[in-house]
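All remarks here apply to the structure that follows.
There are 2 protein chains.
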Amino acid sequence: MTQTTTSDGIRPGEVIAALPERTDARLVYIGRIRTPFRSRKECPRRGEPDGPLCTIEIDEPWRPALKGITPGTRLQVLYWMHLARRDLVQQNVEHKGALHGTFSLRSPVRPNPIASSVADVVSVAETSVTVRGLDCVDGTPLLDLKRESCAAHD
Amino acid sequence: MTQTTTSDGIRPGEVIAALPERTDARLVYIGRIRTPFRSRKECPRRGEPDGPLCTIEIDEPWRPALKGITPGTRLQVLYWMHLARRDLVQQNVEHKGALHGTFSLRSPVRPNPIASSVADVVSVAETSVTVRGLDCVDGTPLLDLKRESCAAHD
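Residue numbers (this note's numbering), protein chains in the order written: chain A, 35 to 188; chain H, 35 to 188.
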């Protein structure tokens with residue numbers, strides 16, 4: 035753990051961790067998310083229910099897993115924030131000097147950069163689902179879709 | 035993609051996929067979840083707000099990331115369902131013959147077995163957080179903690 039005060043994407047006071055060399059589990063990208071946001075700078079701070087249409091493209095062999103998803107379904111979308119660094123444990127998110135623990139934030143910068151968003155299904159095709167509510171950059175790798183539960187505890 | 039009708043944890047009609055050899059991203063376990071549930075059979079179907087106390091143990095070097103988490107915080111807990119198979123794309127969840135696409139379910143069996151639960155923080159120590167609301171087996175590997183947002187779209 036090192037206290038830093040310099041650049042390279044690090045803001046004053048932020049705390050970085052030395053990541054272990056080992057890895058413990060492996061992910062397979064199962065598709066890609068197509069959005070109108072071509073860079074992280076263009077992405078909104080959070081997806082909105084009336085946001086732009088985004089298309090979740092599903093790779094073979096996972097397309098049959100779409101069975102049962104229909105317009106109006108709410109989906110939890112898990113994706114990999116492939117552009118994010120992974121070593122910040124405390125972050126200066128508002129550039130104001132106050133440090134926040136990574137676990138108290140939803141920042142993309144985290145030890146395992148898995149994002150979780152909720153999206154409303156607009157239409158379903160054989161190889162893709164079109165939704166509203168996402169805020170990620172075009173081409174983001176997809177990890178999972180799950181039926182979204184209404185219950186908070188699920 | 036193969037249609038199966040036999041055993042090995044497969045129920046009638048379920049559809050399995052050939053997983054690709056490649057992997058695309060790697061996860062690091064950042065801790066372990068301690069629960070009273072010693073086997074998958076003992077786990078409740080879903081965690082409840084008044085469920086038993088569970089302790090989320092955080093490994094070095096991620097402990098400073100707990101800063102800002104206090105009793106009453108709601109956390110999204112991401113963990114790795116290390117006991118689940120990954121190749122079912124359609125599942126016969128109720129043993130009744132009706133097939134459901136994996137993406138329309140929250141079953142542990144999925145291409146990337148990442149679980150997402152919401153838990154209420156009861157107490158925080160330097161190396162762990164005690165919560166209610168989890169339903170996973172004792173020893174489950176932790177992937178991430180995030181501040182839970184009240185907004186559905188986040």
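C-beta atoms are modelled at their ideal positions from N, C-alpha and C, and glycine is treated no differently. Just so you know, these numbers come straight off a predicted model, no measurement behind them.
Boundaries cannot be given for isoleucine 103/H, as no beta strand (DSSP E) includes it and DSSP labels it neither H nor E. For glycine 85/A, the CB contacts under 8 Å within the same chain, skipping 5 residues up- and downstream, are Pro78, Arg166, Gly167, Leu168, Asp169 in chain order. Note on geometry: alpha-carbon atoms of alanine 159/H and glycine 131/H lie some 47 Å from one another. When C-beta distances to chain H are compared with 8 Å, the residues of the region 50-63 of chain A below that value are Ala51, Ala52, Leu53, Pro54, Arg56, Thr57, Asp58, Ala59, Arg60, Leu61, Val62, Tyr63, in chain order. Under the three-state reduction of DSSP, glutamate 76/A is assigned to helix. With fewer than 16 other CB atoms across the displayed protein chains lying within 10 angstroms of its CB, leucine 117/H is exposed. What threonine 161/A touches in chain H, judged by beta-carbon distance under 7 Å, is nothing: the nearest beta carbon there is about 13 Å away. Judged by beta-carbon spacing, proline 145/A lies within the 8 Å limit of valine 62/H, meaning their Cβ atoms are closer than that value. Against asparagine 146/H, the close residues of chain A are Leu61, Val62, Ile64, Leu112, Leu177, Asp178, in the order they occur along the chain (beta-carbon pairs closer than 8 Å). When C-beta distances to chain A are compared with 7 Å, the residues of the region 81-105 of chain H below that value are Gly81, Glu82, Pro83, Pro95, Trp96, Pro98, Ala99, Leu100, Lys101, Gly102, Ile103, in chain order.
At a cut-off of 8 Å between C-beta atoms, arginine 45/H does not count as an interface residue with respect to chain A.
Contact annotation: alanine 52/H and proline 46/A have beta-carbon atoms that are not nearer than 8 Å. A direct Cα-Cα distance of roughly 44 Å separates isoleucine 50/H from isoleucine 44/A. Boundaries of the beta strand (DSSP E) harbouring proline 175/H: 174-181, taken from the DSSP string. Per DSSP, alanine 153/H is one residue of the beta strand (DSSP E) stretching across 148-158.
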